[in-house]
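Residue numbers 1 to 134, in UniProt numbering, belong to the letters of the sequence shown in order. Each residue gets a CB set at the ideal place from its N, CA and C atoms; glycine is no exception. Comments concern the structure below.
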Amino acid sequence: MKVLFKLKSKNAKKCHWVLESSPKTFHTLLRKKKVFFEWHRLSLREFIRPTRCYKCNRFGDISPKGPNEETCPNCGQEGHKKTDCENEANCINCNEANFKFKLGHSVDHTATVQSCPAYNHQVEQLISKTDYGR
């Protein structure tokens, strides 16, 4: 097993560790749901997070020097940051998916919420490409 990185938690006294393991170890640990480590009980769950650019808020683009302009994660428009946004939520990823694939995703959410249909599609894509050893 290999430690990849640490994530902050909403609770300042806690944190989340992301680990990488073999498929066999993954299945064994996931079935247990909890393990004990140095007098602490730790909860386990699968970590799947699609890559989203902090500059343009699109999936798959991670370069701060990428071709896309900086885009507000709240309204999907260029020219301002979320802290300065006065517009209603309008997801850039669902808008682009609707246009490109003729879908009917709701767009009245930000590009950063986990309930976003485009985000959930990216999660499904990652799961389908993951080697679970089966």
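Continuous beta strand (DSSP E) stretch holding residue i: start and end
| i | result |
| --- | --- |
| Phe5 | Lys2 to Lys8 |
Residue i, DSSP secondary structure in three states
| i | result |
| --- | --- |
| Cys15 | strand |
Exposed unless 16 or more other CB atoms sit within 10 angstroms - verdict on residue i
| i | result |
| --- | --- |
| Cys91 | buried |
| His109 | buried |
| Val113 | exposed |
| Phe47 | exposed |
Spatial distance of residue i from residue j (CA atoms)
| i | j | result |
| --- | --- | --- |
| Glu20 | Lys34 | 16 Å |
| Arg49 | Val123 | 7 Å |
| Trp17 | Phe5 | 6 Å |
| Asn87 | Asn95 | 15 Å |
| Thr71 | Pro23 | 38 Å |
Span of the alpha helix (DSSP H), counted from its first residue to its last, around residue i
| i | result |
| --- | --- |
| His121 | Pro117 to Lys129 |
| Ala97 | Ile92 to Phe101 |
(message) Threshold first: 3 residues or longer. Then list the beta strand (DSSP E) segments lying entirely within the segment 27 to 65, N to C.
(response) 34 to 37 and 40 to 43
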